[in-house]
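Residue numbers (full-length UniProt numbering): 1 to 138. Ideal placement from N, C-alpha and C gives every residue a C-beta, glycine not left out. For clarity, every value in this text was computed on a predicted model and none was experimentally measured.
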């Protein structure tokens with residue numbers, strides 16, 4: 001599982017009310033929504049969130065993680081053309097697998113993090129049923 005550093009401010013498309021993010025943390029998602037709603041002069045703004053990723057993602061302790069090939073940690077796994085329901089099924093299964101594996105290792109899962117300099121480091125991340133979420137649960 002891999003986690004890459006993401007920028008803090010959402011990208012906005014010129015004057016259009018369209019913003020883009022990579023893989024934000026759960027807090028990052030909330031901040032983007034607050035940012036968009038805060039620009040509507042006190043009016044309640046409707047926000048539509050489109051996830052165009054074609055790969056399963058889970059949040060562990062609020063941070064996003066995806067599966068990667070150990071030989072190609074910066075490349076997405078190939079799921080081109082996959083539909084939303086299949087991705088959601090894979091995310092639910094990935095969550096189950098993480099919790100089952102963590103139970104064997106003292107409620108910890110081995111993840112790979114990317115440091116600001118691009119170096120990849122492995123570390124044990126503590127997990128619980130409440131700390132592992134799919135995007136639908138986040």
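The beta carbon of residue 59 sits closer than 6 Å to those of 26, 133, 138, all from its chain and outside the five residues before and after it, given in chain order. Cβ contact annotation for residue 127 (same chain, cutoff 8 Å, sequence separation greater than five): 60, 61, 98, 99, 102, 107, 108, 109, in chain order. Judged by DSSP secondary structure, residue 30 falls within the alpha helix (DSSP H) whose first and last residues are 26-37. If you look at residue 63, you'll find it isn't in any alpha helix (DSSP H); it sits in the beta strand (DSSP E) that goes 63-66. The bridge partners DSSP lists for residue 120 are 114. At least 8 Å separates the beta-carbon of residue 91 from that of residue 24. Pairing residue 79 with residue 68, the inter-Cα distance amounts to about 12 Å.
Between residue 37 and residue 45 the beta-carbon gap is near 5 Å, inside 8 Å, which marks them as a contact. Listed in chain order, the non-local C-beta contacts of residue 115 below 7 Å within the same chain comprise 121, local neighbours out to five positions each way being set aside. Looking at 88, 32, 124, 74, the one whose alpha-carbon comes closest to that of residue 57 is 88. The Cβ neighbour count for residue 125, taken over all protein chains shown within 10 Å, is at least 16; the residue is labelled buried.
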